[in-house]
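Here the structure comes first, spelled out in structure tokens, and everything after it is commentary.
Protein chains: 2
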Amino acid sequence: MENFLYYTPTKVVFGKGTEKQIGTLVKEYNCKKVLVHYGSGSVKKSGLLDRIYASLDEAGISYISLGGVVPNPRLSLVYEGIALCKREEVDFILAVGGGSVIDSAKAIGYGVTNEGDVWDFYEKKREPKNCLPIGVVLTIAAAGSEMSNSSVITNEDGWKKRGCNNDCCRAKFAVMNPELTMTLPAYQTACGCVDIMMHTMERYFNQVENMELTDGFSEHLIRTVMKNAKILKEDPENYNARAEVMWAGSLAHNGLMGCGTDGGDWASHQLEHELGGMFDVAHGAGLAAVWGSWARYVMDARPERFAQFAQNVMQVEQGEDAAKTAQKGIEAMEDFYRSIDMPVSIQELGVTLTEEQIQELADKCSFYEKRTIGCVKKLDREDIYKIYQAAR
Amino acid sequence: MENFLYYTPTKVVFGKGTEKQIGTLVKEYNCKKVLVHYGSGSVKKSGLLDRIYASLDEAGISYISLGGVVPNPRLSLVYEGIALCKREEVDFILAVGGGSVIDSAKAIGYGVTNEGDVWDFYEKKREPKNCLPIGVVLTIAAAGSEMSNSSVITNEDGWKKRGCNNDCCRAKFAVMNPELTMTLPAYQTACGCVDIMMHTMERYFNQVENMELTDGFSEHLIRTVMKNAKILKEDPENYNARAEVMWAGSLAHNGLMGCGTDGGDWASHQLEHELGGMFDVAHGAGLAAVWGSWARYVMDARPERFAQFAQNVMQVEQGEDAAKTAQKGIEAMEDFYRSIDMPVSIQELGVTLTEEQIQELADKCSFYEKRTIGCVKKLDREDIYKIYQAAR
Numbered sequence: 002m003e004n005f006l007y008y009t010p011t012k013v014v015f016g017k018g019t020e021k022q023i024g025t026l027v028k029e030y031n032c033k034k035v036l037v038h039y040g041s042g043s044v045k046k047s048g049l050l051d052r053i054y055a056s057l058d059e060a061g062i063s064y065i066s067l068g069g070v071v072p073n074p075r076l077s078l079v080y081e082g083i084a085l086c087k088r089e090e091v092d093f094i095l096a097v098g099g100g101s102v103i104d105s106a107k108a109i110g111y112g113v114t115n116e117g118d119v120w121d122f123y124e125k126k127r128e129p130k131n132c133l134p135i136g137v138v139l140t141i142a143a144a145g146s147e148m149s150n151s152s153v154i155t156n157e158d159g160w161k162k163r164g165c166n167n168d169c170c171r172a173k174f175a176v177m178n179p180e181l182t183m184t185l186p187a188y189q190t191a192c193g194c195v196d197i198m199m200h201t202m203e204r205y206f207n208q209v210e211n212m213e214l215t216d217g218f219s220e221h222l223i224r225t226v227m228k229n230a231k232i233l234k235e236d237p238e239n240y241n242a243r244a245e246v247m248w249a250g251s252l253a254h255n256g257l258m259g260c261g262t263d264g265g266d267w268a269s270h271q272l273e274h275e276l277g278g279m280f281d282v283a284h285g286a287g288l289a290a291v292w293g294s295w296a297r298y299v300m301d302a303r304p305e306r307f308a309q310f311a312q313n314v315m316q317v318e319q320g321e322d323a324a325k326t327a328q329k330g331i332e333a334m335e336d337f338y339r340s341i342d343m344p345v346s347i348q349e350l351g352v353t354l355t356e357e358q359i360q361e362l363a364d365k366c367s368f369y370e371k372r373t374i375g376c377v378k379k380l381d382r383e384d385i386y387k388i389y390q391a392a393r
Numbered sequence: 002m003e004n005f006l007y008y009t010p011t012k013v014v015f016g017k018g019t020e021k022q023i024g025t026l027v028k029e030y031n032c033k034k035v036l037v038h039y040g041s042g043s044v045k046k047s048g049l050l051d052r053i054y055a056s057l058d059e060a061g062i063s064y065i066s067l068g069g070v071v072p073n074p075r076l077s078l079v080y081e082g083i084a085l086c087k088r089e090e091v092d093f094i095l096a097v098g099g100g101s102v103i104d105s106a107k108a109i110g111y112g113v114t115n116e117g118d119v120w121d122f123y124e125k126k127r128e129p130k131n132c133l134p135i136g137v138v139l140t141i142a143a144a145g146s147e148m149s150n151s152s153v154i155t156n157e158d159g160w161k162k163r164g165c166n167n168d169c170c171r172a173k174f175a176v177m178n179p180e181l182t183m184t185l186p187a188y189q190t191a192c193g194c195v196d197i198m199m200h201t202m203e204r205y206f207n208q209v210e211n212m213e214l215t216d217g218f219s220e221h222l223i224r225t226v227m228k229n230a231k232i233l234k235e236d237p238e239n240y241n242a243r244a245e246v247m248w249a250g251s252l253a254h255n256g257l258m259g260c261g262t263d264g265g266d267w268a269s270h271q272l273e274h275e276l277g278g279m280f281d282v283a284h285g286a287g288l289a290a291v292w293g294s295w296a297r298y299v300m301d302a303r304p305e306r307f308a309q310f311a312q313n314v315m316q317v318e319q320g321e322d323a324a325k326t327a328q329k330g331i332e333a334m335e336d337f338y339r340s341i342d343m344p345v346s347i348q349e350l351g352v353t354l355t356e357e358q359i360q361e362l363a364d365k366c367s368f369y370e371k372r373t374i375g376c377v378k379k380l381d382r383e384d385i386y387k388i389y390q391a392a393r
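Taken in sequence, the protein lines are chains V and A.
Sequential numbering from 2 applies to the first sequence in this note's numbering.
Sequential numbering from 2 applies to the second sequence in this note's numbering.
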């Protein structure tokens with residue numbers, strides 16, 4: 002069992018109607034001006050934005066707005082937000098949306114409070130020292146950014162998708178009303194469920210002796226999301242299922258599922274980041290598309306762990322040996338992905354890769370042979386190339 | 002599923018040797034003078050206190066000390082601590098110990114920063130508005146006070162044991178090195194395990210439709226503590242078992258196991274508080290002594306819930322009906338308590354109650370018929386009397 006740091010200062014306000022508390026929550030931070038940051042028009046159409054403005058008005062808080070965040074949020078809008086916040090002397094950012102909006106808000110928060118180019122933090126050239134305080138009204142259960150210390154931004158110059166993890170960006174509060182996720186398209190709901198499961202699985206597959214508590218929590222979380230993802234496919238307005246998935250989304254990525262581990266593998270995320278950057282695919286679907294190929298490529302390095310996963314999560318019966326059990330577990334997970342209409346190959350993701358594109362993905366993902374990814378098995382450019390090949 | 006608030010701002014620094022980071026951790030709060038608060042001489046004898054002083058010295062932080070906290074911590078020492086802190090202009094309290102020391106530190110923190118008599122907060126006459134910042138070096142896995150918002154103090158005037166829950170007292174950080182708990186006597190280790198399990202069970206037994214995620218986490222946490230309590234009986238220096246129990250202790254009482262519930266029952270705690278106040282028994286042992294009698298008295302109000310507990314936690318096979326399964330689960334838990342040398346009656350706790358004392362306990366626990374306790378079944382003075390009778 003490894004030493005660990007666990008730090009989740011975000012105050013979670015969870016349940017029906019909780020967005021009405023926004024004004025009161027923001028007021029606690031004595032801010033002068035709030036930037037309300039959001040994505041597409043759906044939060045306008047649904048009336049959510051109006052309810053939030055009304056709550057801010059009632060609390061006597063002045064604000065400005067910046068919409069237009071897209072999935073795989075762009076650096077150009079981050080720059081625009083930084084300039085806007087500096088000009089308008091914004092001292093609090095309220096992110097209304099899912100992971101993309103929250104990640105964009107975090108990047109803006111870094112840019113306003115630190116000198117120099119904010120992209121440096123995503124290129125790992127420097128560490129941010131500060132961030133504007135951030136509040137969240139969550140509308141998509143997926144990325145877990147509402148409680149996490151991470152932010153992922155896509156730089157259009159070269160379509161590079163990069164992450165920056167730092168505790169100073171953790172949200173002050175997160176308002177989570179599962180009702181707000183009921184109108185999501187089925188595809189997006191399923192993508193969110195995969196993302197949540199994968200945040201847990203990335204930590205679960207590691208190279209250390211594990212903590213029993215963390216293992217059991219992780220296995221239960223994945224099983225619960227799988228069960229409720231299936232319920233939501235048939236009954237998208239099921240409140241309890243929405244709530245289970247939403248809370249799982251936060252717990253999957255706030256650090257709890259990594260306690261006592263070495264941090265986990267994360268190769269599937271790195272593989273997907275390049276796909277997301279180059280083809281702008283939905284993150285959860287991209288993860289589903291590469292996971293099986295990653296798992297088959299690395300399982301020999303830790304067959305017992307994959308066998309435990311197969312038995313405790315996928316309810317696979319123990320096979321002749323760990324490798325066979327492991328294999329069945331991977332197949333069962335792919336079957337599950339199919340059952341909620343998620344792809345299990347890049348082709349099914351809607352992208353037909355050329356040989357040249359696979360080479361480019363492998364180049365980018367290995368930082369042109371400057372890094373390896375993963376920890377179950379350290380993957381170099383050649384390994385990465387083979388996994389993209391297998392997943393095509 | 003109920004709406005909930007989840008707020009756990011405490012930074013957890015977990016693992017071997019982490020107490021060496023104390024100076025650095027305290028320094029982040031820019032304090033002028035620290036009160037190092039502790040209990041018996043064991044932290045002196047073990048050298049822990051010296052290591053902490055050395056770390057504070059190295060960080061250039063000045064401090065004073067106040068020891069002498071006892072189990073069921075006393076109001077008189079709290080008053081002494083408040084006067085000392087005011088006189089010495091202390092602005093940070095470092096609690097080195099278990100729940101009693103941390104609870105005493107919280108009470109002192111309330112007393113220094115709020116006007117009037119601190120006991121008012123424990124009598125629920127007023128709410129505290131503030132608390133001095135508190136840091137923790139945990140030496141006993143049990144009370145969960147290192148991450149909780151609760152503090153329980155005993156007033157020697159009438160031997161009343163009362164709790165005060167408020168988010169402002171949550172510790173800024175908690176240093177948790179499982180090695181520090183290795184020298185605890187077996188009885189105290191077992192008491193701690195019961196306390197941890199009971200914090201989870203009090204929340205688990207409630208009157209609402211529950212959250213699957215929370216249910217499964219709770220069931221896994223209780224099972225894990227049971228398994229490791231047995232390991233520690235044979236092998237008290239087993240690091241991994243100490244670590245599982247220590248982390249379980251924090252998660253059992255930081256709010257996570259109550260998400261989506263109505264808060265839970267807590268009658269067993271109320272029953273034990275009066276025993277603890279009058280006879281100064283160990284908290285965990287007191288809980289074990291009354292739990293079975295409480296469970297038998299109330300199980301008819303929610304037999305399915307007790308049956309779920311029996312099956313998922315105690316691994317009891319489903320019986321003819323929920324009531325029979327529930328009954329077996331309660332017996333199995335009492336068997337477990339016996340297996341780790343915990344009492345399952347007040348007699349076994351070392352206290353032979355007279356009829357008069359049972360009447361007095363019932364009077365005190367019902368606030369002289371001014372309140373009911375519990376939520377699985379609301380218990381009035383008569384019910385409370387009967388449970389003490391059954392548990393004697």
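Don't be surprised by glycine CBs; every beta carbon is placed ideally from N, CA and C.
Q: Determine which residues of the stretch 224 to 250 of chain V have a Cβ less than 7 Å from any Cβ of chain A, and write them out in chain order.
A: Against chain A - using a Cβ distance shorter than 7 Å - the residues of the stretch 224 to 250 of chain V are THR225, ASN241, ALA244, GLU245, TRP248 and ALA249.
**Q.** Neighbour flag for VAL137 of chain V against chain A, beta carbons, 8 Å
**A.** Taking the first sequence and counting its residues from 1, the one referred to as residue 137 of chain V is at position 136. No, no contact with chain A.
Q | Helix, strand or coil at TYR369 of chain V according to DSSP, with G and I counted as helix | A | As a working note, residue 369 of chain V is residue 368 in the first sequence. DSSP places TYR369 of chain V in coil when its eight states are reduced to three.
Q: Below 7 Å between beta carbons is the criterion; list the residues of the stretch 5 to 35 of chain V that meet it against any residue of chain A, in chain order.
A: Contacts with chain A (Cβ-Cβ distance below 7 Å) from the stretch 5 to 35 of chain V involve PHE5, LEU6, TYR7, TYR8, THR9, PRO10, LYS12, VAL13, VAL14, PHE15, GLY16, LYS17 and THR19, listed in chain order.
Q: Could you name the residues of chain A that LEU222 of chain V contacts, counting a contact when the two beta carbons are closer than 9 Å?
A: The residue you call residue 222 of chain V lines up with position 221 of the first sequence. Going along chain A in sequence order, the residues near LEU222 of chain V (Cβ under 9 Å) are LEU214, GLY217 and PHE218.
Q) Leaving out the 5 sequence neighbours to the left and right, which residues in its chain are closer than 7 Å to TYR30 of chain V when beta-carbon positions are compared? A) Translated into positions along the first sequence, residue 30 of chain V becomes position 29. Only PHE93, PRO134 and LYS173 meet the Cβ criterion.
Q: Could you check the C-alpha separation between ILE53 of chain A and ILE331 of chain V for me, to the nearest Å?
A: For the purposes of this step, residue 53 of chain A is taken as residue 52 along the second sequence, with counting starting at 1. For the purposes of this step, residue 331 of chain V is taken as residue 330 along the first sequence, with counting starting at 1. Near 49 Å, if we compare the C-alpha coordinates of ILE331 of chain V and ILE53 of chain A.
Q | Contact with chain A by CYS132 of chain V, beta-carbon distance below 8 Å | A | Locating residue 132 of chain V in the first sequence gives position 131, where the first residue counts as 1. No, CYS132 of chain V does not count as interfacial toward chain A.
Q. Going by beta carbon distance, what residues of the same chain come within less than 6 Å of ILE223 of chain V, once the five residues before and after it are set aside?
A. Indexing the first sequence from 1 puts residue 223 of chain V at position 222. Excluding residues within five positions, the ones whose Cβ falls inside 6 Å are MET198, THR201 and VAL314.
(Q) Could you check whether the Cβ of MET183 of chain V sits closer than 8 Å to any Cβ belonging to chain A? (A) Counting from 1 along the first sequence, the entry for residue 183 of chain V is found at position 182. MET183 of chain V does not count as touching chain A.
**Q.** Check whether ALA175 of chain A and LEU139 of chain A have beta carbons under 8 Å apart
**A.** Within the second sequence, numbered from 1, the residue matching residue 175 of chain A stands at position 174. Within the second sequence, numbered from 1, the residue matching residue 139 of chain A stands at position 138. In contact: ALA175 of chain A and LEU139 of chain A (Cβ atoms closer than 8 Å).
Q) With a CB to CB cut of under 7 Å and the five nearest residues on each side skipped, what residues in its chain are close to PRO344 of chain A? A) Numbered from its first residue, the second sequence carries residue 344 of chain A at position 343. ALA286, ALA289, ALA290 and LEU350, listed in sequence order.
Q) Which runs of the beta strand (DSSP E) fall wholly inside the stretch 5 to 87 of chain V and span at least 3 residues, in chain order? A) 5 to 15, 34 to 39 and 63 to 67
Q. Skipping 5 residues on each side, what residues in its chain have a beta carbon closer than 7 Å to that of GLU3 of chain A?
A. Here the question's residue 3 of chain A lines up with position 2 in the second sequence. Here the set comprises VAL209, GLY261, THR262 and ASP263.
Q. With C-beta atoms as the reference, is GLY145 of chain A less than 8 Å away from ILE109 of chain A?
A. Counting from one through the second sequence, the residue named residue 145 of chain A turns up at place 144. Counting from one through the second sequence, the residue named residue 109 of chain A turns up at place 108. No, the pair does not count as a contact, with Cβ atoms beyond the cut-off.
(Q) Helix, strand or coil for GLY351 of chain V? Go by DSSP, reduced to three states. (A) Position 350 of the first sequence, counting from 1, holds the residue named residue 351 of chain V. Correct three-state label for GLY351 of chain V: coil.
Q: At 7 Å on the CB atoms, spell out the chain V contacts of MET2 of chain A, in chain order.
A: Here residue 2 of chain A is taken as the residue at index 1 of the second sequence, counted from 1. By Cβ distance, chain V contributes ASN241 and ALA244.
Q: Apply the 10 Å Cβ neighbour rule to LYS33 of chain A and answer buried if 16 or more other Cβ atoms are within range, or exposed otherwise.
A: Counting from 1 along the second sequence, the entry for residue 33 of chain A is found at position 32. LYS33 of chain A is exposed by the Cβ-count criterion.
Q.
At 4 residues or longer, what runs of the alpha helix (DSSP H) sit wholly inside the stretch 183 to 211 of chain V?
A. Assignment of alpha helix (DSSP H) within the stretch 183 to 211 of chain V, counting only whole runs of 4 or more residues, yields 187 to 205 in chain order.
Q.
Would you say CYS165 of chain A lies against chain V (beta-carbon separation less than 8 Å)?
A. For this step, residue 165 of chain A is matched to residue 164 along the second sequence. Closer than 8 Å: no.
Q: Alpha carbon to alpha carbon, how far is ALA191 of chain V from ALA143 of chain V? Give it in angstroms, no decimals.
A: For this step, residue 143 of chain V is matched to residue 142 along the first sequence. For this step, residue 191 of chain V is matched to residue 190 along the first sequence. So the alpha carbons of these two residues sit roughly 9 Å apart.
**Q.** Short-range partners of chain A found in the stretch 254 to 274 of chain V, where Cβ spacing is below 9 Å
**A.** Going along the stretch 254 to 274 of chain V in chain order, one finds LEU257, CYS260 and GLY261 with a Cβ nearer than 9 Å to chain A.
Q. Under a Cβ-count criterion, where at least 16 other Cβ atoms within 10 Å of its own Cβ denotes burial, should PHE368 of chain A be classed as buried or exposed?
A. For the purposes of this step, residue 368 of chain A is taken as residue 367 along the second sequence, with counting starting at 1. When all chains shown are included, PHE368 of chain A counts as exposed.
Q) If you drop the 5 nearest sequence neighbours on each side, which residues of the same chain put their C-beta closer than 7 Å to that of PHE337 of chain A? A) Taking the first residue of the second sequence as position 1, residue 337 of chain A is located at position 336. Hits under 7 Å: MET227.
Q: Per DSSP, which residues does CYS165 of chain A bridge with? Please list them.
A: Looking up residue 165 of chain A in the second sequence gives position 164. A:SER152.
Q: Would you mind sorting GLY48 of chain V into buried or exposed? The rule is 16 or more other CB atoms within 10 Å of its CB.
A: On the first sequence, residue 48 of chain V is found 47 positions in, with the first residue counted as 1. Exposed.
Q: Give the secondary structure of GLY100 of chain V by DSSP, where H, G and I count as helix, E and B as strand, and everything else as coil.
A: Start at 1 with the first residue of the first sequence, and residue 100 of chain V comes out as number 99. It is helical.
Q. Apart from the five residues on each side of it in sequence, which residues of its chain come closer than 7 Å, Cβ to Cβ, to GLN390 of chain V?
A. In the first sequence, residue 390 of chain V corresponds to position 389, counting from 1. Same-chain partners within the cutoff: ILE359.
(Q) Quick check on DSSP: helix, strand or coil for ALA175 of chain A? (A) Here residue 175 of chain A corresponds to residue number 174 of the second sequence, with the count starting at 1. Correct three-state label for ALA175 of chain A: strand.
Q: Kindly indicate which three-state DSSP category ILE359 of chain A falls into: helix, strand or coil?
A: As a first step, residue 359 of chain A must be located in the second sequence, where it is residue number 358. Shown here, ILE359 of chain A sits in a helix according to DSSP, grouped into three states.
Q) The alpha helix (DSSP H) with VAL246 of chain V in it runs from where to where? A) Position 245 of the first sequence, counting from 1, holds the residue named residue 246 of chain V. Residues 240 to 254.
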